[in-house]
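Numbering-wise, this note's numbering puts 123 at position 136 of the sequence shown, and it's gapless, one number per residue. Don't be surprised by glycine CBs; every beta carbon is placed ideally from N, CA and C. Note that the structure is a prediction, hence the values are computed from the model and not measured. Notes to accompany the following structure.
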Amino acid sequence: MAKQLPYLKNHPSMIFFTDFDGTITLQDTNDYLVDNLGFGVEKREILEQELLNGNITFRDSFQAMLDSVRAPFDQCLQALQDNIQFDHQFTTFYHWAKKQNIPIVVLSSGMTPIIKALLENLLGSPLENIFLVANDIQPR
């Protein structure tokens, strides 16, 4: 079981589960990319309404949004690093949780490579106590 759930490896007394976009960050990273490097706010909001109305699946909506972002991964990542703000207490919480042997599991509909890179940039080191459950995409 611990092999499948690496955050159980050190037998923590508790596990902290959290979202990423709008929780650890103050803005949604996917929305930022689509709004600023993709087809824009208006078309994104139309797709979101189509999703809410049941006319399109989440997968199809998300795919259309991401396909509209034509910038290479490194440019997308730089734009996010330059513009996305984090909860000002997250770094303190991360270090406290690490010291207390409390793993942080990020559950997100976002993209693993982006979340990982943004968190490593914020924390200044590889993720040691954070485990990501998100969309594992291949950067282009």
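Residue range 91 to 98 is occupied by the beta strand (DSSP E) that includes Met98. In the DSSP secondary-structure assignment, Leu119 is bridged to Val93. In the displayed model, Thr78 falls within a helix according to three-state DSSP. If you ignore the 5 residues before and after Arg127, its C-beta comes within less than 8 Å of the C-beta of Pro59, Phe60, all in its own chain and listed in chain order. Taking the Cα of Gln76 as reference, the smallest distance to any Cα among Leu53, Ser0, Leu13, His(-2) is reached at Leu13. Counting only the Cα atoms, Leu34 lies some 9 Å from Asn42. For Phe49 and Val21, the gap between their C-alpha atoms comes out near 10 Å.
7 Å or more divides the Cβ of Thr16 from the Cβ of Val93.
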